[in-house]
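Trainee: Below is the structure I would like to discuss, written out as structure tokens.
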Amino acid sequence: MNAIEELHRKAKELTNLNSIMALLQWDQEVMMPSGGAAGRAEQFSVLSTIVHQKITAPGLGKILQELSGKPEELSSADLSLIRVLKREYDKNTKLPEKFIADFSRLTSEALPVWVEARKKNNFEIFLPLLHKIIRMSRQKADYLGYVDHPYDALLDLYEEGLTTNDLDVLFGNLKAELSQLLQQKISQQKPVPEKLKDMAPMLLKDQVHFSERLLSEIGYDFNRGRQDISAHPFTTSLGHNDRRVTNRFRPDSLEFIFSALHEGGHGLYEQNIAEEYAETPLDEGVSLGIHESQSRLWENIIGRNHLFWEKQYPLLQEILPDQFANILLNDFVSHINRVDPGMIRVEADEVSYNLHVLIRFELEKGLLEGAIGVTDLPAIWNEKYKHYLNVAVDSDANGVLQDIHWAHGSFGYFPTYTIGNLAAAQIWRTYCLFDSDYRQTLLQGNLEKIRNWLTEKIYRHGAFYPPAELLHKVCSEPLNSKYFIEYLKNKPEFSL
Ligand code: ZN
343 MNAIEELHRK
353 AKELTNLNSI
363 MALLQWDQEV
373 MMPSGGAAGR
383 AEQFSVLSTI
393 VHQKITAPGL
403 GKILQELSGK
413 PEELSSADLS
423 LIRVLKREYD
433 KNTKLPEKFI
443 ADFSRLTSEA
453 LPVWVEARKK
463 NNFEIFLPLL
473 HKIIRMSRQK
483 ADYLGYVDHP
493 YDALLDLYEE
503 GLTTNDLDVL
513 FGNLKAELSQ
523 LLQQKISQQK
533 PVPEKLKDMA
543 PMLLKDQVHF
553 SERLLSEIGY
563 DFNRGRQDIS
573 AHPFTTSLGH
583 NDRRVTNRFR
593 PDSLEFIFSA
603 LHEGGHGLYE
613 QNIAEEYAET
623 PLDEGVSLGI
633 HESQSRLWEN
643 IIGRNHLFWE
653 KQYPLLQEIL
663 PDQFANILLN
673 DFVSHINRVD
683 PGMIRVEADE
693 VSYNLHVLIR
703 FELEKGLLEG
713 AIGVTDLPAI
723 WNEKYKHYLN
733 VAVDSDANGV
743 LQDIHWAHGS
753 FGYFPTYTIG
763 NLAAAQIWRT
773 YCLFDSDYRQ
783 TLLQGNLEKI
793 RNWLTEKIYR
803 HGAFYPPAEL
813 LHKVCSEPLN
823 SKYFIEYLKN
833 KPEFSL
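Residue numbers for the sequence shown, in my numbering: 343 to 838.
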């Protein structure tokens, strides 16, 4: 077996092992009885040790090095495979075994403590562990290496090539515009119609039915996927022909509609990757930011557009008549586009959402630099919410303790949400240049046309191109905040 064949064999094995891990995870979130938790944790530990050994094996490092030396003999797909595997190999080998074990122990310990602290609304309970997590994240950055800023090393884990400097520029432009836009949009809004305020509770079976119909409408393939219920909605890949989504359903919340479109967007991306990448590490979305651009595109740009609802609203009224039969389409669309800044990121509207992320970015950067001390975190958090969103935070549970990310040790993750929002607007603008009749396309529900374009430009490539290169190929310019701001400023649904 020559070197490239050997690399393919190893890549296939790793990809299948990761799919098995995803199955265990899916089962844990969707099916597993609570008594299975300890046994499952053991199974994870066994399997992730095997995966770690394989991705850090000196044999793999040797093959990658050997092949990197002769790019002229390799196909472009093989070169991409090498790029993706080399990233994984480097990430895993730069961190000492002991560090990985210690960090994983620390975050497993931190998770229930964070849950308790949030429940009791007491930051002090979480503080000592958060302190350790920040110290170890800083150490992690040192092991991984960086040129300008330790945060760069952590950002790169989630978004290949993204730097603190890039984010300073993107957020710098955003913050000047968003706070002002926020106040302006609030002042233009009409009150919510009474009927929508006290809607009759929805039945689970009707919500499931509508979300499945909606997923089918956008082109999610139920022969190669399924929708189940979990505590938090997510999308996972169990193989090339098995990309699953989950949702949660509350009788009084419309959230399930937008979660269906959000996870459906992630699902469409993965379901439309080229078959030739099956069972290789190229068979996945290229980065968290680009992945999020697809969920946000379907959830917000398409899914909150009144033209989209012209076609879909009658279906919602048919499946949930007690709730929607007497509500006008315009009132519904205006309601789902309400600008209402609050304390909680995951409930935020499109205008305020990125300000929540900006706050986390500024805090993470400051914490890693040492410019912000952990004990001062709640006070600084609240100050920033007042400053950027004009929101008074009523408790640490609804403030600094609201997100799970820090307890997970995922420093550097938050900014990918904003990358997703900005990229979605930029990609959509490029689509509208291609399809000058895009209003008709939406009005007629010709979503296949949009999906085919996205497949051609983005989905089918999987992880073949690095994220910034992919975006540049699609939009002919680098990521910027201009189109997102334009999109918000011109969005007619805000002033219906
Ligand atoms: Zn998402």
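We treat Cβ as the ideally placed atom computed from N, Cα and C, and that holds for glycine. Since this is a predicted model, take the numbers as computed values, not measurements.
Taking the C-alpha atoms as reference points, what is the distance between Leu838 and Asn647?
Mentor: Within the sequence shown, the letter at position 496 stands for residue 838. Within the sequence shown, the letter at position 305 stands for residue 647. Whole-angstrom Cα-Cα distance: 11 Å.
Trainee: Below 7 Å, is the gap between the Cβ of Glu626 and the nearest heavy atom of ligand 1?
Mentor: Numbered from its first residue, the sequence shown carries residue 626 at position 284. No, the Cβ of Glu626 stays beyond 7 Å of every heavy atom of ligand 1.
Trainee: Taking the CB atoms as reference points, tell me whether Gly754 and Tyr500 lie closer together than 8 Å.
Mentor: The residue you call residue 754 lines up with position 412 of the sequence shown. The residue you call residue 500 lines up with position 158 of the sequence shown. Yes, these two residues count as a Cβ contact at 8 Å.
Trainee: Closer than 6 Å is what we want: which residues have a beta carbon that near any heavy atom of ligand 1? List them in chain order.
Mentor: Going along the chain, the residues that qualify are His604, His608, Glu634 and Ser637.
Trainee: Can you tell me the Cβ-Cβ gap for Ile678 and Trp770, rounded? I've got them flagged as a contact below 8 Å.
Mentor: For the purposes of this step, residue 678 is taken as the residue at position 336 of the sequence shown. For the purposes of this step, residue 770 is taken as the residue at position 428 of the sequence shown. Actually they do not touch by this definition, with Cβ atoms about 18 Å apart.
Trainee: From what residue to what residue does the alpha helix (DSSP H) around Arg447 run?
Mentor: As a working note, residue 447 is residue 105 in the sequence shown. Where Arg447 is concerned, the enclosing alpha helix (DSSP H) stretches over Glu439 to Lys461.
Trainee: Name the DSSP beta bridge partners of Thr577, please?
Mentor: As a first step, residue 577 is located in the sequence shown; it is residue number 235 there, counting from the start. Answer is Val587, bridged to Thr577.
Trainee: So, does the stretch 365–374 touch the stretch 571–589, judging by three or more C-beta pairs under 8 Å?
Mentor: Judged by Cβ distances under 8 Å, the stretch 365–374 makes contact with the stretch 571–589, as three or more pairs qualify.
Trainee: Going by the C-beta, is Gln665 closer than 7 Å to any heavy atom of ligand 2?
Mentor: Annotation note on ligand 2: not contained in the displayed structure, which lists ligand 1 as its ligands.
Trainee: Have a look at Leu731 and Arg477 and give me their C-alpha separation to the nearest angstrom.
Mentor: Taking the sequence shown and counting its residues from 1, one reaches residue 731 at position 389. Taking the sequence shown and counting its residues from 1, one reaches residue 477 at position 135. Going by the C-alpha atoms only, they are around 29 Å apart.
Trainee: Output yes or no for whether 8 Å exceeds the beta carbon distance between Glu618 and His582.
Mentor: On the sequence shown, residue 618 is found 276 positions in, with the first residue counted as 1. On the sequence shown, residue 582 is found 240 positions in, with the first residue counted as 1. Going by C-beta atoms, Glu618 is not nearer than 8 Å to His582.
Trainee: Buried or exposed: which applies to Val675, given that a residue is buried once 16 or more other Cβ atoms fall within 10 Å of its Cβ?
Mentor: In the sequence shown, the residue the question calls residue 675 occupies position 333. Label assigned to Val675: buried.
Trainee: Please classify Asp745: does DSSP put it in a helix, a strand, or coil?
Mentor: In the sequence shown, counting from the first residue as 1, residue 745 sits at position 403. Coil, per DSSP.
Trainee: Three-state secondary structure (DSSP) at Gln665?
Mentor: Here the question's residue 665 lines up with position 323 in the sequence shown. Reduced to three states, the DSSP call for Gln665 is helix.
Trainee: What residues in its chain sit with their C-beta under 8 Å from that of Leu671, if we drop five residues either side in the sequence?
Mentor: Numbered from its first residue, the sequence shown carries residue 671 at position 329. Answer for Leu671: His648, Trp651, Glu652 and Tyr655, listed in chain order.
Trainee: Within a Cβ cutoff of 7 Å, which residues of the same chain sit near Leu830, ignoring the five residues on either side of it in sequence?
Mentor: The residue you call residue 830 lines up with position 488 of the sequence shown. Only Leu523, Glu692 and Val693 meet the Cβ criterion.
Trainee: Considering only residues of the same chain and omitting the five flanking positions on each side of Val816, which have a CB-CB separation below 8 Å?
Mentor: Within the sequence shown, residue 816 is the residue found at index 474, counting from 1. Counting only Cβ-Cβ distances below 8 Å, and skipping sequence neighbours, we find Ile769, Thr772, Lys799 and Ile800.
Trainee: State the Cα-Cα distance for the pair Leu624 and Met541, rounded to the nearest angstrom.
Mentor: Walking along the sequence shown from the start, residue 624 turns up at place 282. Walking along the sequence shown from the start, residue 541 turns up at place 199. Leu624 and Met541: Cα-Cα distance of roughly 45 Å.
Trainee: Could you pull the start and end residues of the alpha helix (DSSP H) that Gln613 belongs to?
Mentor: For this step, residue 613 is matched to residue 271 along the sequence shown. That run of the alpha helix (DSSP H) goes Glu597 to Gln613.
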